[in-house]
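S.K.: Taking the working numbering, the leading residue of the sequence shown gets 5, the next gets one more, and so forth. Backbone N, C-alpha and C define an ideal beta-carbon position, used for all residues, glycine too. These numbers were taken from a predicted model, which means no experiment stands behind them.
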Amino acid sequence: QVQFVESGGGLVQPGGSLRLSCAASGFIFKIYDMSWYRRAPGKERELVASISAFGGTTNYADSVKGRFTISRDNVENVVYLQMNSLKPEDTAMYYCKISSGILWGQGTQVTVAS
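(1) Between which two residues does the beta strand (DSSP E) carrying glycine 74 extend?
(2) Thinking C-alpha only, which one of Met87, Gln5 and Cys100 is nearest leucine 15?
(3) List the whole-angstrom C-beta distance separating serine 103 from serine 25, where the pair is believed to meet the contact cut-off of C-beta under 8 angstroms.
(4) Below 6 angstroms CB to CB, which residues in the same chain sit around cysteine 30 once its five sequence neighbours on both sides are set aside?
(5) Is the beta carbon of leucine 90 less than 8 angstroms from the beta carbon of tyrosine 98?
(6) Once the 5 residues before and after aspartate 94 are set aside, which same chain residues still bring their CB inside 6 angstroms of it?
(7) Hey, out of Ser21, Gly59 and Ala57, whose CA is closest to arginine 71's CA?
(8) Just reading off the beta strand (DSSP E) that cysteine 40 is part of, what are its end residues?
(9) Which residues mark the beginning and the end of the beta strand (DSSP E) in which threonine 62 is found?
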């Protein structure tokens with residue numbers, strides 16, 4: 005079945021960096037656009053970044069443009085989110101999914117605090 009296993013989260017100081025990974029399985033990964041979402045405490049789930057099936061097109065939320073980079077490996081079936089210059093407001097649970105899909109993984113927690 006379709007599965008997403010997110011990893012790479014943790015506690016980081018403001019200005020620091022993290023690289024999230026999402027290992028996908030159960031579907032033909034290379035033909036689907038993929039997205040990263042996040043949900044901060046008390047807030048709605050937010051689309052952070054998306055990437056087209058072959059990686060040629062990426063899109064970002066205004067709040068992360070210039071700081072986050074989404075990428076993918078269509079051989080290893082992994083989508084990444086490189087997060088630099090992290091801010092406390094980036095604190096959230098981060099999830100990946102097929103952009104047009106309805107299934108979610110368990111997520112990985114990112115906490116930005118000094």
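M.R.: Taking the coordinates as given:
(1) Taking the sequence shown and counting its residues from 1, one reaches residue 74 at position 70. It should be pointed out that residue 74 corresponds to isoleucine in this sequence rather than to glycine. Isoleucine 74 -> beta strand (DSSP E) spans 72-77.
(2) Residue numbering aside, residue 15 sits at position 11 when the sequence shown is read from its first letter. The shortest Cα separation from leucine 15 among Met87, Gln5 and Cys100 belongs to Met87.
(3) Within the sequence shown, residue 103 is the residue found at index 99, counting from 1. Within the sequence shown, residue 25 is the residue found at index 21, counting from 1. So it is not a contact: roughly 18 angstroms between Cβ atoms.
(4) Within the sequence shown, residue 30 is the residue found at index 26, counting from 1. Reading the sequence as shown, one finds glycine at residue 30 and not cysteine. Correct list, in chain order: Gln5, Val6 and Gln7.
(5) Locating residue 90 in the sequence shown gives position 86, counting from the first residue. Locating residue 98 in the sequence shown gives position 94, counting from the first residue. With respect to the 8 angstroms criterion, leucine 90 and tyrosine 98 are not classified as neighbours on the basis of their beta carbons.
(6) Working through the sequence shown from its first residue, we reach residue 94 at position 90. Residues Val116 of the same chain have their beta carbon placed closer than 6 angstroms to that of aspartate 94, with the five preceding and five following residues left out of the count.
(7) The sequence position of residue 71 within the sequence shown is 67, counting from 1. Taking the Cα of arginine 71 as reference, the smallest distance to any Cα among Ser21, Gly59 and Ala57 is reached at Ser21.
(8) Locating residue 40 in the sequence shown gives position 36, counting from the first residue. In the sequence on display, residue 40 carries tryptophan and not cysteine. Taken as a continuous stretch (DSSP letters only), the beta strand (DSSP E) holding tryptophan 40 covers 38-43.
(9) Residue mapping note: residue 62 aligns to position 58 of the sequence shown, counting from 1. First-last of the beta strand (DSSP E) with threonine 62: 62-64.
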